[in-house]
Each structure stands twice: as structure tokens, then as C-alpha cells.
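Trainee: Numbering (our numbering), first residue to last: 1 to 276.
Each residue gets a CB set at the ideal place from its N, CA and C atoms; glycine is no exception.
Everything numeric in this text was worked out from a predicted model, so none of it was measured.
Before we start, here is the structure in question, set down as C-alpha cells.
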């Protein structure tokens, strides 16, 4: 996996030959489940839960937004995104609660916007453990699954340490230079994080420019007048098409009459004489 959850190498068909190819090509293979939390796996694996996967003698790392939520996006960026969401009408201007008796967490937005909505909420009421964990990590009052962010962070660090140990062991067994590889990875990671931070700030700036333009051009009365004029033009266009279709049908019917067919040679002769 690469940073951001992009697939570095799809598994493909799980045949023995394909598994050998993966094993020969990499120092370490990471298998990521495609199912989400609480998915019923009976139809796929014959068991409702995934305990069988965790019983393997391999390090397992579970994802949880609470581990990164409070440090993933700077506070000033969250505030700026909250302002933009309010300008776009995704969030109310005053205090709000996310939950059944309040507003819904914006769905069709990037995760930075979701974090901003959670961070700015007065309270979050949810049954989603990830949303509850993010709210707890960001310091927002939350009602829902009991989440201890410190325990989650401690467990995550332990899991990551186990995974790092397995990765180091795999590299050593393949004859790799561990110190050099760690230094290369650290440099790549630092460069990637810097690039992502610059990209996030650029996207935030560009969206603010777009929001400002939309707000400056927002004239409700003018928009309504334009919509009414457009609908009137569409109505006239539909009427013109209907009249043209009716005229076409009448013309075709006239062309099929005996009088018009039999008089065609005479009319052609008269036309030639008239033009002459």
C-alpha cells in the first residue's frame, strides 16, 4: 500500500503461481481486506466475522481515525474548511449538533471536510465508532460507542511496532541493508508528507477562490429570473417543435392523396413553363 490508501500491487487471482510471483518480487506483502467494519462475511467466507483472519501468525494492523485525527490536519486548516462549508451551505451558520436530532455529517466531501465538521460541532451523536473516535480525538463532546482514544493510540502503536519488526526481519532475511533502507524510507516519507501538505493548502486556497466567486455571483432574484426566462424559452421551443411535427404529418398525409400524386406531372410541367 502507498500513502493515501492507493493500491500499490493488486493481488489478482490467488493462484499458487501468482502468490509465488508476489513473494519473489517483494520483501514484504501486505494483505488488505476489502470488507468494511461489521460486514457480515457469511456469503463470502462462510463465517459472519473475521476472527479466522486474526488467528494467523502474522502482525495485524487495524485502522482507526482517532489515532491520527487530532494531528492529521492543522487546526487553522480545519477552521478554514469549516468557514468554506458554511459558505457553501453544507453547515449552518450557528452552533450545530451532528446526529439524529441535528444535522447529518456531510457525505460527499473529502475527509478533511468531515474532520472540520466534527471539530466544529457542539456535540456528536453517533453509533459509528470511527466518527465517535474522531470526535473524541478532536475534543468534541460525543454520545455513542465508548471510545478511549488513548487506549486506541497505544494499541495502534504496538501493532505498528509489531509490523515494523516483521518488515525489518523480512528485509534482513532477503539480504537487504536495513539501515540504508530505513533512511531511504524516512526521506521518502518526509518528502511525501511535505508534498501532501502543500497540495492540501493549495486545494484549500483554490477552493476559497471558487467560494468567493460563487458568493460574489450569488443573486437569488437574478437567478430566479434567469430560470424563469430559460423555462419560457424551453416552452416556446417545445411548442415550435410540436407545430413542426404536426405540419410534417399533414404534409406527408397530403403527399399520399391520389390528387397530389396524379397531378404531380402536370405541376412539374407548369413549373418548367413558368421558369422559362
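1. What are the partner residues of residue 141, as DSSP defines its beta bridges?
2. On the three-state DSSP scale, how would you describe residue 97?
3. Would you kindly work out how many angstroms separate the C-alpha atoms of residue 334 and residue 81, rounded to a whole number?
4. Tell me the rounded alpha-carbon separation between residue 142 and residue 196.
5. Given residue 191, which residues of its chain have a CB within under 7 Å of its CB, disregarding the five upstream and five downstream residues?
6. Would you mind sorting residue 172 into buried or exposed? The rule is 16 or more other CB atoms within 10 Å of its CB.
7. Among all the DSSP beta bridges, which residues are the ones paired with residue 118?
8. Short of 6 Å in beta carbon distance, which residues of its chain neighbour residue 277, apart from the five on each side in sequence? Order them along the chain.
9. Between 117, 111 and 153, which lies nearest to residue 93 when the distance is taken from Cα to Cα?
10. Could you round the C-beta distance between residue 106 and residue 90 to whole angstroms and report it? I think they count as a contact, below 8 Å.
11. Would you check if the distance between the CB atom of residue 97 and the CB atom of residue 79 is smaller than 8 Å?
12. Have a look at the DSSP bridge pairing and note the partners of residue 273.
13. Tell me which same chain residues have a C-beta within less than 8 Å of the C-beta of residue 17, skipping the five on either side of it?
14. Classify residue 161: buried if its beta carbon has 16 or more other beta carbons within 10 angstroms, exposed otherwise.
15. Pull up the distance between the alpha-carbon of residue 168 and that of residue 139, whole angstroms please.
16. Expressed to the nearest angstrom, what Euclidean distance is found between the alpha-carbon atoms of residue 224 and residue 134?
17. Would you kindly work out how many angstroms separate the C-alpha atoms of residue 238 and residue 86, rounded to a whole number?
18. Alpha carbon to alpha carbon, how far is residue 193 from residue 4? Give it in angstroms, no decimals.
19. Is residue 69 near residue 115, with beta carbons less than 8 Å apart?
20. Pick out whichever of 136, 13 and 245 has its Cα sitting closest to the Cα of residue 153.
21. In whole angstroms, what separates the C-alpha of residue 2 from that of residue 205?
22. List in chain order: all unbroken beta strand (DSSP E) runs of 3+ residues lying wholly within the segment 128 to 204.
23. Under 7 Å Cβ to Cβ from residue 27, same chain only, skipping five residues before and after it: list those, please.
24. Indicate the three-state DSSP secondary structure (helix, strand or coil) for residue 4 in the structure shown.
25. Closer than 8 Å by C-beta to residue 208: which residues in its own chain qualify, once you throw out the five before and the five after it? Chain order, please.
26. Using beta-carbon positions only, say whether residue 159 and residue 14 come within less than 8 Å of one another.
27. Return the residue from the list 76, 95, 257 and 88 that minimises the CA-CA distance to residue 212.
28. Let's test the definition: count the other Cβ atoms within 10 Å of the Cβ of residue 121 and tell me whether it reaches 16, buried, or not, exposed.
Mentor: So, from the data block:
1. In DSSP, residue 141 forms a bridge with 123.
2. Residue 97 falls in the strand class under three-state DSSP.
3. No statement about residue 334 is possible, as the shown extent of the chain runs from 1 to 276 and does not include it.
4. 30 Å
5. none
6. exposed
7. None; residue 118 has no bridge partner.
8. Residue 277 lies beyond the stretch modelled for the chain, which goes from 1 to 276, so this question has no answer here.
9. 117
10. Rounded, the Cβ-Cβ distance is 5 Å, consistent with contact.
11. no
12. According to DSSP, which records beta bridges pairwise, residue 273 is partnered with nothing at all.
13. none
14. exposed
15. 36 Å
16. 41 Å
17. 39 Å
18. Confidence is the limiting factor: at residue 4 the pLDDT is only 40, short of 50, which leaves the residue's position unreliable, though a coordinate-based value still follows. Distance between the alpha carbons of residue 4 and residue 193 is about 10 Å.
19. yes
20. 136
21. Since pLDDT at residue 2 reaches only 37, below the 50 mark, its modelled position is unreliable, and the value read off the structure follows with that caveat. Near 26 Å, if we compare the C-alpha coordinates of residue 205 and residue 2.
22. 141 to 143
23. 170, 171, 174 and 176
24. Confidence at residue 4 is low in this model, with a pLDDT of 40, below 50, so its placement is unreliable and the value that follows should be read with caution. Coil.
25. 80 and 84
26. no
27. 88
28. buried
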